[in-house]
Each structure stands twice: as C-alpha cells, then as structure tokens.
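Reading through the structure tokens given below for one structure.
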Amino acid sequence: MSSTVEQIKERLSVVDVVSSYLKLERAGSNLKARCPFHNEKTPSFFVSPERGTYHCFGCDKGGDIFSFVQEIEGVDFLEALKTLADRAGVTLKEFDGKEAKEKERLYSVMEEAARFYVAELQKRSDVVGYLKKRGLTEETIQEFGVGFAPATWRGLADALREKGFSMSDIVKSGLAVAPPDGKDPYDRFRGRIMFPIADASGRVIAFSGRIFEKDGAPVLAHDGNPVAKYINSPETPLYSKSKTLFAFDKAKPEIRKMNSCVIVEGQMDALMSHQSGMKNTVAVSGTALTDEQLTLLGRMTENLVMAFDADAAGVAASQRGVGNALSKGFTIRLVPMPEGLDPADLCLQSAEKWKQSTENAEHIVDFYLSVFAKGEGDKRVMQKNVEREVLPYVARLQSKTEQGHFVSRIANVIGLSEDVVRDSLNAVAHSLRTGVPARPDFIKRAGALSSEDRLRKMDSHFIGLTLFRKKLKEGASLEGDFRNEIETLWGKGFDEKVKEFSEHDLQKMLFEAEMYYNKETIELELKELYFNIKEHLLKDRLEKAMRDLTYAEMRNDEKLAEESLLACNEISREINQLTTARSAAEKSS
Ligand SMILES: [Zn+2]
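For the sequence shown, this note's numbering assigns the number -2 to the initial residue and increments by one for each residue that follows.
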C-alpha cells in the first residue's frame, strides 16, 4: 500500500497541478512558463511531466506538486497535502497535529457563521434594498456571500453553539468577544452588513462588518459615541491582516490572465468593480501594501493599478507601500479619480466609465509630475516639490530605460537640463540606498564564482549531462563519455559523486541538460566538460606547486624547491598533453 503522498502523485500529475495556476508552453520534452515566484519577462520556469518536478532557473525554486502548492498558495505542507488530496480524491486519515485540528475547527466555525449571516440577510428586505440601492446586484451579493449580523448580543454565538461549536472556538475565531469580567461572551458583529474575507484558496477566515444605518442616522454605542463604520475580525490563528487581500481568491485567475491587478480601498469598491467586469480587483483596507501582500501579487503580475480617493492621493501613495512595490520591480499606475468619488461611485455611474478610468491609469511618476506641474507656487517651489516627491519614485524604478525616460520628461516639465535632474536623482538614490532593499541578484555570473564553485558547477554539469545521456540513449553504457577518466579525476565513483548533490541540485542539473542539449550536442559538451574539469584541476595543482616553490626559495629549502620544481614541470607537461589531446579530439568531431 503506497503512502498518501504517493497515492496523490499517482493521480495528479505535475502538469495538472501547475497548469491550473500557469499557462504552460511546450519546450521539448518539458513545459515552460513565466515563473510565478519571481517577476520575469521570459520563461525560466520548467516542468518535467516525466519526473513530476519543476525548476526555475531565475530564482532557483524547485520541487514537486506539494512544494509548488505550498509556495503558490502560501500554505504549509499539511495544507498543501489537504488541498491536493481533495483534488485527487484521496481520503486523508485524521491529522495528528493539534494545531492543524484547531485550524480545521476554526474553518468550520467561519463557514457556519458565513452561512448564518447569509440566512439573516434574507430576512431583512430593508438591508437588501439598501445594498441594491448602492448598486449591488443579487448575483454579486450571492457570489461574495454578503450577509447581515442581527443587532442582538448573542444571535450568532447561540446559533453556533446549537450546531455544536464550543464557545472557546467561537471566541478564538474572533466572532465573539469575551469580556474581561468573565461574563458570557457576546457577538463581535451586531447590526452590520457582513463581508466575508477569504484566504487565497477561498476559505472564509475573517469578516468585515459595515454598520447598517437606518435612515442615515449614526448608531450610537452605549457610551454615547458613534460606533465605527467598519469593524474587522481581529488577528486569529486563521487570519493575518498583513497577509490577506480582500477578493484575492476570486481575482486570482483574472489577474493572471490580464497580467494586471486593480487595487481599491474598500470592500464595496471591490464588489462593484468585479460586478463591472473588472474581475482582477482586490481591496486593501486602510493599510500600506505589506511585503507579504506584494509577494502574493507578484506571483500573478507585476502590474498594479491603484485607485485612491483623489483628495488623499498624494499622502496615500507615500503611505501605501508604493515605494516598496516599485523597488521590488512592480509597475504602478494610478487611476485618476474625480474629486469626492470612490470606485464604487464610478461603477454606479457606469461600468464602462470605471473600466475606462482604470485603462487611463497613469504611471505613478507621470501622475505626480502632472499634479505638481499643475500645482500653485513659482517655478522654484515646483522644482523643489518634484525633487522631493517625484524623484524618489524614479529612483526606485528597476528599469534603467524607464529611469532615463522619466529623467528627460522631468527635465522638460520643470525646465532644467537632464544633467541637473540626473544629478539630483543620483543624490536621492544614494540617500534611499540604505533603507531600500535591492532586488537580489539571483543568477551569479560564472566569472564571479570562486575556483571551487566553478569546479563544482562543472562537476554538476557533467553529472546532469551523463544522467540525461543515459535517458536519451536508452541502455547506453557510460563508456565513451569519459567515465573512467572522470572517476580518476574525482577519485571516486560516479554514483558516489552523485551523492554529494542534493535532490534539488540533481533536478536542476537534469532540467539544465534537457534544456540545452540533444543527442548530438551532448557528446561534444561532455567531452568539452571533461577537458575543462581536467584542465581546471591541473591548473589548481600547478598553482599550488608554484606557491610551494616560491615558499621553498624564500626559506632556502633546497629539497622542497627541487620537489616543487619537478612537480611544476610534470604538471605543465600534463597540461600540454591535455591541450594536444583536446585539439585532436576537436578535429575528429
Ligand atoms: Zn523563479
């Protein structure tokens, strides 16, 4: 009887799983795509149907279907196992983990609560009427699971307890609040329109509740102060605000397809935007875009289109993690919003209007440039403003071409020479440098490798090619591809050498081999590699012998000097032989 993991792998291929997230193209015996884990223009993400693995040459991520789901959904192994078991139709035995069990219970609590709120909304034609007046259709209300929390103290808690949930789980899920005096917990959300917040795979993990104002009168809490318009679930074992984007689960496929994501501020904006056909919309609620949220988005697209309130735009952007997003390589465009209107208002006016606004979104640098160019004050003030507010964005752009483009545009707008603007830009960039994380340089240039690393790279290449060759020429012996010679060089057998490399490395080597070679070219490359490795080792030895020689001469150690000199001569002779053998081999092929 095979393990659960094996059973799942038997039923689900790596192509099944990966292609539900990415568009794969054929690439020889493999498939390729643009990597979902780092931003790139040309595909370096490869999938091998035969081995059930993937590898990205841009960011070095690789593994099987489980690690893929973990990575792309941002979940742990257990969750990935569950997701894939579901898909494969494999039943899992109960998880042993206490934490996993608790999470499962909390998911059920949230699911049941969502059902409760939806049922409550159906009882309230006034609330439904209000939502429709705001522009939501029946379908959208249903699709997003909009509900209503009745204005009672324990309506939800009682209903959940009746279903068998414990009060402690209800409190842990954030749905009820336990008063510090030890009295009976009460519902957190009362008299509110409820928007469920889901994780990336669509499970409800939190709620946002908007107060339902009858006849527009603000509702007062018992201390006489007006209550908050919106309240959200607190942080729970399921919900972390900084890792969540509202509507991301629904927007995912469309973000990927359109290669852009529209970001709005409120739930109503997001719902109306989806309803207007912009299904690539997510909402952040009043916070800056966090690193985690940018990571989620970065797997789908590098193009962000943001819609903020017009009046707050200036302040908003600087506080919304825009700088961070730019330095991570995102392209950011801002939707010009008419004063006093939010995206939901625009959608209500017409879906077409909203769609056009997002299409007219301006690159963030252009956006601010025109704001300041139109602003009041004399030219010097304008120049200062541009320097202070706009150049930091330019400095964070990852593309030098783009930077160059904006330097010349700014020079035009503020009436200074490009050189002057570039000088200021360099100064700004310099001051930013310490605080801003640069993009990691994923691919080390071979020339920058140490001698040891270069040798290891050649060794691994040789192994990858040999394994690949075995596959290409079924049953082929390793004779003729320098097995004996290389084993002598290594001082150990091929199989033993392979053990020095991790599974991850081996997968990478195989992908590399498949990517660049075929039956003909592989022989040449193996030969070439063998010579290179040998030459590398000989030159290393020669270097060492020369160092010994210098050392011996310095210390007047005649015996060591003689030995070293002999060694130097011997190695030089071998290098010469190698060069001869090499050119002979080149002529024969
Ligand atoms: Zn990658």
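Note that CB positions come from ideal geometry on N, CA and C, so glycine has one too.
Boundaries of the beta strand (DSSP E) in which residue i is found, first to last residue
{"i": "SER45", "result": "42 to 45"}
{"i": "ALA280", "result": "278 to 280"}
{"i": "GLY206", "result": "201 to 208"}
{"i": "PRO193", "result": "189 to 195"}
{"i": "MET303", "result": "300 to 303"}
{"i": "THR328", "result": "328 to 331"}
Any non-hydrogen atom of ligand 1 closer than 7 Å to residue i Cβ
{"i": "CYS258", "result": "no"}
{"i": "CYS565", "result": "no"}
{"i": "PHE42", "result": "yes"}
N- and C-terminal bounds of the alpha helix (DSSP H) containing residue i
{"i": "PHE508", "result": "500 to 513"}
{"i": "ALA148", "result": "First-last for ALA148: undefined, no H or E at that position."}
{"i": "TYR236", "result": "Careful: TYR236 lies outside any alpha helix (DSSP H) and carries neither H nor E."}
{"i": "LEU388", "result": "388 to 393"}
{"i": "ASN382", "result": "376 to 382"}
{"i": "LEU89", "result": "No alpha helix (DSSP H) contains LEU89, which DSSP labels as neither H nor E."}
{"i": "VAL495", "result": "491 to 495"}
{"i": "LEU452", "result": "448 to 469"}
{"i": "ASN321", "result": "319 to 324"}
{"i": "ASN229", "result": "Unbroken run through ASN229 is the beta strand (DSSP E), 227 to 229; no alpha helix (DSSP H)."}
{"i": "THR355", "result": "348 to 356"}
{"i": "PHE364", "result": "361 to 371"}
{"i": "LYS169", "result": "164 to 169"}
{"i": "THR137", "result": "135 to 140"}
{"i": "GLU482", "result": "480 to 487"}
Sequence-distant residues of the same chain with beta carbon closer than 7 Å to residue i, five excluded per side
{"i": "THR278", "result": "ALA244, ALA248, VAL259, VAL261, ALA267, SER270, HIS271"}
{"i": "GLY444", "result": "Here the model assigns GLY444 a pLDDT of 36, short of 50, so the residue's position is not dependable, and the following value carries that caveat. Same-chain partners within the cutoff: there are none."}
{"i": "HIS427", "result": "none"}
{"i": "MET265", "result": "ARG131, ALA341"}
{"i": "LEU19", "result": "ALA30, PRO33"}
{"i": "ILE329", "result": "LEU301, MET303, VAL319, ALA322, LEU323, ILE361"}
{"i": "LEU557", "result": "ASP545, ALA549"}
{"i": "ALA195", "result": "VAL201, ILE202, ASP246"}
Neighbourhood of residue i by C-beta, 6 Å cutoff - its chain only, sequence neighbours within 5 removed
{"i": "ARG589", "result": "With the chain covering only -2 through 586, there is no way to say anything about residue 589."}
{"i": "LEU469", "result": "LYS516"}
{"i": "ALA156", "result": "PHE113"}
{"i": "VAL168", "result": "ALA175, PRO182"}
{"i": "LYS494", "result": "TRP487"}
{"i": "LEU539", "result": "ILE568"}
{"i": "PHE327", "result": "GLU299, LEU301"}
{"i": "LYS376", "result": "none"}
{"i": "GLU520", "result": "none"}
{"i": "HIS52", "result": "PHE43, GLY59, GLN504, LYS505, PHE508"}
{"i": "GLU3", "result": "none"}
Proximal residues to residue i (C-beta, below 8 Å), its chain only, five neighbours per side dropped
{"i": "VAL404", "result": "VAL391, GLU415, VAL418, ARG419, LEU422"}
{"i": "PHE498", "result": "SER457, ILE460, MET506"}
{"i": "ASN27", "result": "PHE43, VAL44, SER45, PRO46, PHE508, GLU511, MET512"}
{"i": "SER448", "result": "HIS533, ASP537"}
{"i": "GLY514", "result": "Before going on, a small fix: residue 514 reads as Tyr here, not Gly. Same-chain partners within the cutoff: LEU462, PHE465, GLU522."}
{"i": "GLY225", "result": "In the sequence on display, residue 225 carries Ala and not Gly. Within the same chain, ALA225 has close Cβ partners ILE208."}
Residue i at chain B interface by Cβ criterion, 8 Å
{"i": "ALA510", "result": "Protein chains in the displayed structure number just one, and chain B is not present."}
Residue i Cβ short of 7 Å to ligand 2 heavy atom set
{"i": "VAL168", "result": "Among the ligands in the structure shown, ligand 2 does not appear; only ligand 1 can be found there."}
Whole alpha helix (DSSP H) elements within the segment 1 to 34, 4-residue minimum
Correct list: 1 to 8, 11 to 16.
Residues near ligand 1, CB to any non-hydrogen atom under 5 Å, in chain order?
Here the residues come out as CYS32, PHE34, HIS35, CYS53, GLY55, CYS56.
What are the uninterrupted segments assigned as alpha helix (DSSP H) that are 4 or more residues long and contained completely in the segment 400 to 431, given in chain order?
Whole alpha helix (DSSP H) segments, 4+ residues: 415 to 430.
Which runs of the alpha helix (DSSP H) at least 4 residues long sit entirely within the segment 512 to 567? Give them in chain order.
List check, alpha helix (DSSP H) in window: 516 to 551.
Give the list of continuous alpha helix (DSSP H) stretches no shorter than 4 residues that lie fully inside the segment 248 to 293.
Qualifying alpha helix (DSSP H) stretches, in chain order: 264 to 272.
Can you list the alpha helix (DSSP H) stretches of 4 or more residues lying completely in the segment 51 to 133, in chain order?
With a minimum length of 4 residues, the continuous alpha helix (DSSP H) runs that stay inside the segment 51 to 133 are 62 to 70, 74 to 85, 95 to 119, 122 to 130.
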